[in-house]
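Numbering (my numbering), first residue to last: 3 to 196.
To start, the structure under review is shown below, and the notes come after it.
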């Protein structure tokens, strides 16, 4: 059952829940790349197969001692490069919250491959929304403080959904873990040494 859906230019956010009456229900949050980008990558993959086929046919028909042989090799290599790159393209990332067990982070690639990671509920200390700044842009990301690990764990490793999409997931994680949301939204306290 789809509880809510939100969409912008790049991503579509879908929240699925079994029932609101049952607090122990499984919540599933999907962030999906909008169709135009995914179909664009599918066209790129088709182009790669065409380039590989063209290169093989040129090599077989023209023989070994020809300048076009170099062109056939470049078509072949560029086709393989595009095929390899299309295997790394993310189609969808999901967060599955199971209140008594933990959370499962899933990444589904355009090639059909799915990578999952399970984090037990007792290992999660606190979910945090972090503003990331680079020299070119800035974006928000949802991270987890995990017991026994020094670095933050990103919930969405490949995609960068908007803050509107991250806040409901953050609130759900806070309620499952038992941290108070108002406590986390307080202003920073600056400690002056000396």
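Here a beta-carbon is modelled for each residue, glycine too, at the ideal position from N, C-alpha and C.
All figures in this text were calculated on a predicted structure; none of them were measured in a lab.
Close-in-space but distant-in-sequence residues of the same chain around residue i (CB under 8 Å, 5 per side omitted)
{"i": "residue 192", "result": "The predicted model places residue 192 with a pLDDT of 34, which falls under 50 and marks its position as unreliable; any figure quoted below should be read in that light. Excluding sequence neighbours, residue 192 sits near nothing in its chain."}
{"i": "residue 126", "result": "104, 105, 146, 147, 148, 149, 175 and 179"}
{"i": "residue 169", "result": "131"}
Helix, strand or coil at residue i according to DSSP, with G and I counted as helix
{"i": "residue 80", "result": "helix"}
Expected contact under 8 Å - CB spacing of residue i and residue j to nearest Å
{"i": "residue 112", "j": "residue 128", "result": "Wrong, their Cβ atoms sit about 33 Å apart, outside the cutoff."}
{"i": "residue 157", "j": "residue 123", "result": "Actually they are not in contact, since the Cβ atoms of residue 157 and residue 123 sit about 14 Å apart, beyond 8 Å."}
{"i": "residue 145", "j": "residue 132", "result": "5 Å"}
{"i": "residue 28", "j": "residue 99", "result": "7 Å"}
{"i": "residue 109", "j": "residue 151", "result": "That belief does not hold up - the Cβ atoms of residue 109 and residue 151 are roughly 19 Å apart, past 8 Å."}
{"i": "residue 97", "j": "residue 171", "result": "6 Å"}
Close-in-space but distant-in-sequence residues of the same chain around residue i (CB under 6 Å, 5 per side omitted)
{"i": "residue 163", "result": "13 and 33"}
{"i": "residue 175", "result": "129"}
{"i": "residue 52", "result": "none"}
{"i": "residue 119", "result": "107"}
Residues near residue i in its chain [Cβ-Cβ closer than 7 Å; skip 5 each side]
{"i": "residue 141", "result": "134 and 162"}
{"i": "residue 8", "result": "15, 166 and 167"}
### Task
Run through the region 115-184 for me and flag every whole beta strand (DSSP E) of 3 or more residues, listed as ranges in chain order.
Segments of the beta strand (DSSP E) lying fully in the region 115-184: 116-122, 126-135 and 140-148.
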